[in-house]
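Position one of the sequence shown corresponds to residue 52 (the working numbering), numbered consecutively onward. Ideal placement from N, C-alpha and C gives every residue a C-beta, glycine not left out. It should be emphasised that the depicted structure is a prediction, and the values quoted were computed from it without experimental measurement. Working notes for the structure below.
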Amino acid sequence: MIEKEKCPKCEKGRLHKMFDEAEPGIRVEAFKCNKCNEVWYSQEIMEKIEAMQKGKAEERRIVKVGNSLAAIIPSKIAKKLNLKEKEKIYVEEQNGQVCIRASKL
């Protein structure tokens, strides 16, 4: 991505260099469209962000429990957050993703 380049999404705006918080506490160079506000990263930055996210996330499959769907929380994460069986959690949709939060945080 090059500053002042035409936006690949809206094709109307121009990209301007900025710094974006890609992960909490991690600011990286990015480019933002002055029309649609879409944020773009260089290929190198995207690869680094994806590598960080892969290191933190664990892949799981959705299972059916009665009429509901469930996701198994890995024991490593449950221990780190001191989660116990039957403890309340909050599940919500955010920007097309499922977010699970421990109630005691």
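Look at the alpha carbon of residue i and the alpha carbon of residue j, and state the distance between them as a whole number of angstroms.
i	j	result
Ala153	Lys57	42 Å
Tyr141	Arg78	28 Å
Phe70	Gly117	46 Å
Asn88	Lys55	14 Å
Gly76	Lys107	15 Å
Glu138	Lys130	13 Å
Lys135	Ile151	15 Å
Glu143	Val149	6 Å
Could you check if residue i is buried or exposed, using at least 16 other CB atoms within 10 Å of its CB as the buried criterion?
i	result
Leu66	buried
Cys84	buried
Ala73	buried
What residue from the options has the CA that sits closest to residue i's CA?
i	options	result
Pro59	Phe82, Ser126 and Ala129	Phe82
Glu110	Ile100, Lys99, Ala122 and Met103	Ala122
Val90	Ser119, Ile53, Ala108 and Leu120	Ile53
Val114	Lys107, Lys105 and Ile124	Ile124
Leu120	Leu132, Arg112 and Lys63	Arg112
> Quick one: complete beta strand (DSSP E) runs, 3+ long, within the stretch 89-151?
Replying inline: If we require 3 residues or more, the beta strand (DSSP E) runs fully inside the stretch 89-151 come out as 113-116, 119-122 and 140-145.
> What are the start and end residues of each continuous beta strand (DSSP E) run of 3 or more residues lying completely inside the stretch 52-87, in chain order?
Replying inline: Complete beta strand (DSSP E) runs here, min 3: 66-74 and 77-84.
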